[in-house]
Amino acid sequence: MTVQSIKRSFALLRALALGPVGVTELAERVALPKSTVARLLASLEEEQAVEQTEAGGEYRLGPGLIDLAGSAPRGRNLVAAARPHLLELAESIDEVAGLSIIDGAQVYYLDQTESSSNIQVRDWTGEYAPLHAVPSGLVILAHQPERFVEEYLAAPLAQCTPWTMTDPDELRDRLEHVRSIGYAWVHEEFAEELNSVAAPVFENDGSVEAALHIHGPAYRFPNPDDTHDHGMAVIEAARRLSQQLSD
-16 MTVQSIKRSF ALLRALALGP VGVTELAERV ALPKSTVARL LASLEEEQAV EQTEAGGEYR
44 LGPGLIDLAG SAPRGRNLVA AARPHLLELA ESIDEVAGLS IIDGAQVYYL DQTESSSNIQ
104 VRDWTGEYAP LHAVPSGLVI LAHQPERFVE EYLAAPLAQC TPWTMTDPDE LRDRLEHVRS
164 IGYAWVHEEF AEELNSVAAP VFENDGSVEA ALHIHGPAYR FPNPDDTHDH GMAVIEAARR
224 LSQQLSD
């Protein structure tokens, strides 16, 4: 492969990092002939650096890139793998999507998409939140060993807003409900005027250390009629990511 081909291939990969796209649009993004893009994609697909969402469909970043990044910190690998799923999720619901992992007794926000809305939601990337106060934390906590959960609930629980649930018995019931339905909603419990929903990302052994979420301003998110549908959408995005990470 020539130096020019390598540069062009990286241009394609950077473009695909923004989300799945077809050959024609991808060629326009990188200002290359469609035939050249198709040839490069074929080579990248052989190495699993890219893959198609379905036969004859759009291209996205593939699992081969995750293998190459094996020596990088886990969070960076996870961000690269999750980014296309976050973008799809954000576009489908028209709110910002994010990725978080457990870090001790908190969740750490690894990534967040941008919003096209005039009313912006702040970027939480790089910040921490108590497990019990955010939906990502709740879905992660719901799948931790019982001893961890009990130790967490026995410690002082932060009251982030007037609506934060801090009663241990109520939280136990809530975690059981989360395990039953597969997602968690939080309404202004971590930050006032902010609502969010999350679902867990499962490891190969069934454990949970990460979650995907959608959040938006309370005045518009969610529409009460769409609450369950949004929960199921986040579950599906998290399921696809879980499957990708296990392949």
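Under my numbering, think of the first position of the sequence shown as -16, with each following residue one higher. Just so you know, even glycine gets a beta-carbon here, dropped at the ideal spot from N, CA and C.
*asked:* With H, G and I counted as helix, E and B as strand and the rest as coil, what does DSSP make of Arg(-3)?
replied: helix
*Expressed to the nearest angstrom, what Euclidean distance is found between the alpha-carbon atoms of Gln240 and Val62?*
Absent from the model: residue 240. The displayed extent of the chain is -16 to 230, so no value can be given.
*To the nearest whole angstrom, what separates the beta carbons of Glu172 and Trp146, a pair I think is in contact under 8 angstroms?*
5 angstroms
*Pick helix, strand or coil for Asn206, following the three-state DSSP scheme.*
coil
_Among Ala21, Ala32, Leu70, Glu175, whose alpha-carbon lies nearest the alpha-carbon of Ala216?_
Leu70
*Taking Cβ to Cβ, would you say Val169 is nearer than 8 angstroms to Ser179?*
yes
*Where do the N-terminal and C-terminal ends of the beta strand (DSSP E) with Ala21 fall, by residue?*
Looking at the DSSP string, Ala21 is not in any beta strand (DSSP E); the run it does join, the alpha helix (DSSP H), is 17 to 29.
*Touching or not, the segment 126 to 142 and the segment 194 to 208, by the rule of three or more beta carbon pairs under 8 angstroms?*
no
*Taking Cβ to Cβ, would you say Ala193 is nearer than 8 angstroms to Ala181?*
no
_Residue from Leu72, Leu(-1), Ser18 with nearest C-alpha to Gly214_ = Leu72
*With DSSP collapsed to three states, give me the class of Ala38.*
coil
*asked:* Does Ser83 pass the burial test, meaning 16 or more other C-beta atoms within 10 Å, or should it be called exposed?
replied: buried
*Taking the Cβ atom as the reference point for each residue, do Leu114 and Val90 lie within a distance shorter than 8 angstroms?*
yes
*asked:* Is the separation between the beta-carbon of Tyr92 and that of Gly109 shorter than 8 angstroms?
replied: yes
*Going by alpha carbons, who is nearest to Val161 out of Ser18, Asp150, Leu24, Leu121?*
Leu121
*Report buried or exposed for Pro128, applying the criterion of at least 16 other Cβ atoms within 10 angstroms of its Cβ.*
exposed
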